[in-house]
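Numbering (the numbering used here), first residue to last: 225 to 488.
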């Protein structure tokens with residue numbers, strides 16, 4: 225991959241511009257890379273007819289109704305086209321079930337019991353979204369790098385508390401289903417909120433995202449490095465014989481391009 229052509233100090237990006245990504249879950253990171261893909265942007269522009277319009281329910285949940293499937297969006301791993309001009313914090317993105325590693329199917333019931341108490345949408349903290357399609361509801365709950373997704377058949381959670389019966393098909397699905405349900409349970413805890421921190425995985429993904437943005441704006445590796453590591457550190461190490469920093473930025477650009485082009 226050739227080095228970007230332009231260089232200088234005019235690139236407006238700062239590392240602080242990516243602070244919003246601290247709160248992203250893995251599907252959120254996937255969206256950040258996908259929305260930068262020019263082919264995806266073109267498909268979105270030509271496929272906006274019939275896209276579901278978000279409605280805020282009285283419970284605070286964002287509700288969307290998909291009247292027909294979108295095979296073109298499904299080739300990108302999505303249930304429908306999300307707006308690439310919006311970040312993962314603001315966009316309404318529902319990944320197709322085939323693109324998700326962890327999702328739990330369940331059926332809802334009007335009748336609760338001592339062994340199966342009713343669950344309501346206002347019990348959860350964070351961003352709550354429901355997509356309705358083919359008489360099935362897809363629930364997404366996300367907060368502080370955690371997210372849970374349910375596929376719900378039966379009476380809608382939008383009309384009141386419901387008892388849920390979880391359906392796990394096969395022992396090989398037991399472990400990811402239990403992990404998902406543990407996350408869902410933790411998202412019911414509103415007693416405290418801890419600001420998310422940058423983990424090693426998140427820092428690496430941020431590095432790739434910054435490098436990708438620099439590459440897409442035709443910036444030099446040095447410009448990208450200055451955003452990532454600061455002018456002083458770059459000035460000290462950029463011309464070293466080891467080429468460590470240059471190679472690190474180059475690898476970040478290459479990985480960012482891979483993630484944008486399908487490995488998200």
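Glycine included, C-beta positions come from ideal geometry on N, C-alpha and C.
Can you list, in chain order, the residues of its chain whose CB lies under 8 Å from that of residue i, leaving out five sequence neighbours each side?
i           : result
residue 393 : 329
residue 461 : 468 and 469
Where does the unbroken beta strand (DSSP E) through residue i begin, and where does it stop?
i           : result
residue 329 : 328–333
residue 288 : 286–289
residue 174 : Residue 174 lies beyond the stretch modelled for the chain, which goes from 225 to 488, so this question has no answer here.
residue 389 : 387–391
Note down the Cα distance separating residue i from residue j, rounded to an integer number of angstroms.
i           : j           : result
residue 316 : residue 443 : 30 Å
residue 227 : residue 235 : Only weak support is given to the placement of residue 227: the predicted model assigns it a pLDDT of 47, under 50, and the value that follows is read from those uncertain coordinates. Going by the C-alpha atoms only, they are around 16 Å apart.
residue 402 : residue 450 : 43 Å
residue 371 : residue 324 : 12 Å
residue 272 : residue 305 : 8 Å
residue 468 : residue 408 : 42 Å
residue 411 : residue 384 : 19 Å
residue 225 : residue 473 : Per-residue confidence for residue 225 stands at a pLDDT of 44, beneath the threshold of 50, marking its modelled position as unreliable; the derived number appears in the next sentence. About 12 Å.
residue 349 : residue 413 : 7 Å
residue 276 : residue 486 : 24 Å
residue 237 : residue 311 : 16 Å
residue 569 : residue 423 : For residue 569 there is no data in the structure shown, the boundaries of the chain being 225 and 488.
residue 406 : residue 400 : 10 Å
residue 269 : residue 246 : 29 Å
Quick one, which of the options has its alpha-carbon nearest residue i's?
i           : options               : result
residue 280 : 272, 289, 273 and 274 : 289
residue 361 : 291, 423, 426 and 419 : 291
residue 303 : 310, 318, 309 and 313 : 318
residue 248 : 420, 408 and 359      : 420
residue 308 : 326, 274 and 259      : 259
residue 482 : 277, 389 and 439      : 439
residue 368 : 377, 391 and 244      : 244
residue 320 : 465, 294, 475 and 459 : 294
residue 389 : 404, 340 and 382      : 340
By Cβ distance below 6 Å, which residues in the same chain neighbour residue i in space, the five residues on each side in sequence not counted?
i           : result
residue 204 : Beyond the ends of the chain as shown, which are 225 and 488, falls residue 204; an answer cannot be given.
residue 373 : 327 and 364
residue 287 : 279, 281 and 354
residue 351 : 366
residue 283 : 345 and 346
residue 477 : 435 and 439
residue 488 : 254, 257 and 258
If you measure from the beta carbon of residue i to each beta carbon in chain D, is any gap under 7 Å?
i           : result
residue 487 : Of the protein chains in the structure, only one exists, and it is not chain D.
Considering residue i, what are the terminal residues of the alpha helix (DSSP H) in which it resides?
i           : result
residue 368 : That residue, residue 368, is in no alpha helix (DSSP H); it is neither H nor E in DSSP.
residue 236 : Where residue 236 is concerned, there is no enclosing alpha helix (DSSP H), given that its DSSP letter is neither H nor E.
residue 455 : 455–461
*Three-pair Cβ contact test at 8 Å for the region 448–462 versus the region 429–438*: yes
_With three or more C-beta pairs closer than 8 Å as the rule, is the region 299–313 touching the region 332–350?_
no
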